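Under my numbering, the first residue of the sequence shown carries the number 5, and numbering increases by one thereafter.
Virtual Cβ for every residue (Gly too), placed ideally from N, Cα, C.
Quick caveat: nothing in here was measured; it's all calculated off a predicted structure.
First the structure, in the form of structure tokens, and then the observations on it.
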Amino acid sequence: MFKGLGGLGDMAGMMKKAQEMQTRMAELQEELHAMTVTGESGAGLVKATASAKGELKSLDIDPSIFNGDDKEVVEDLILAAIKDAQTKANERAQEEMRALSESLGLPKDMNLPF
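Pasting the structure below:
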């Protein structure tokens with residue numbers, strides 16, 4: 005008579021798991037804002053620090069690169085450091101998402117939305 009109750013129990017479990025995942029995703033988003041990565045160029049002459057969300061936080065430029073007419077070289081080094089930081093931020097965010105997926109028992113290759 006109540007054969008459907010077993011399915012409702014599974015549904016309640018799935019809803020609880022989905023709610024847990026939503027809470028953990030929100031927490032992870034906050035954590036990604038606090039995590040930092042550093043990109044470099046010019047063998048460390050230019051360093052760009054960004055949050056794991058890719059937001060640029062700071063630039064550190066060795067003054068030795070400001071010699072003569074090297075404006076274009078300096079600009080290229082700055083862009084390269086920023087791009088490196090953004091790449092590292094993306095990789096870090098993906099690592100954190102994989103860890104979250106695995107902790108929730110989801111397949112590690114499952115891509116969760118950001």
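- Annotation for V77: I69 place their beta carbon closer than 8 Å to its own, counting only its chain and skipping 5 residues before and after.
- Nearest neighbour of R102 by Cα position, chosen from K21, L32, T27, turns out to be L32.
- Between the beta-carbon of G43 and that of A56 there is about 12 Å, and that puts the pair past the 8 Å contact cut.
- Per DSSP, E35 has no beta bridge partner at all.
- Ranked by Cα distance from D64, the options D73, L81, K75 are led by L81.
- Contiguous beta strand (DSSP E) elements confined to the stretch 50 to 117 occur at 50 to 55, 60 to 65, taking only those with 3 or more residues.
- Distance from the Cα of G46 is smallest, within the candidate group E24, D88, E100, for D88.
- Around the CB of L83, fewer than 16 other CB atoms lie within 10 Å, so the residue is classed as exposed.
- A85 has its alpha-carbon roughly 12 Å from the corresponding atom of G58.
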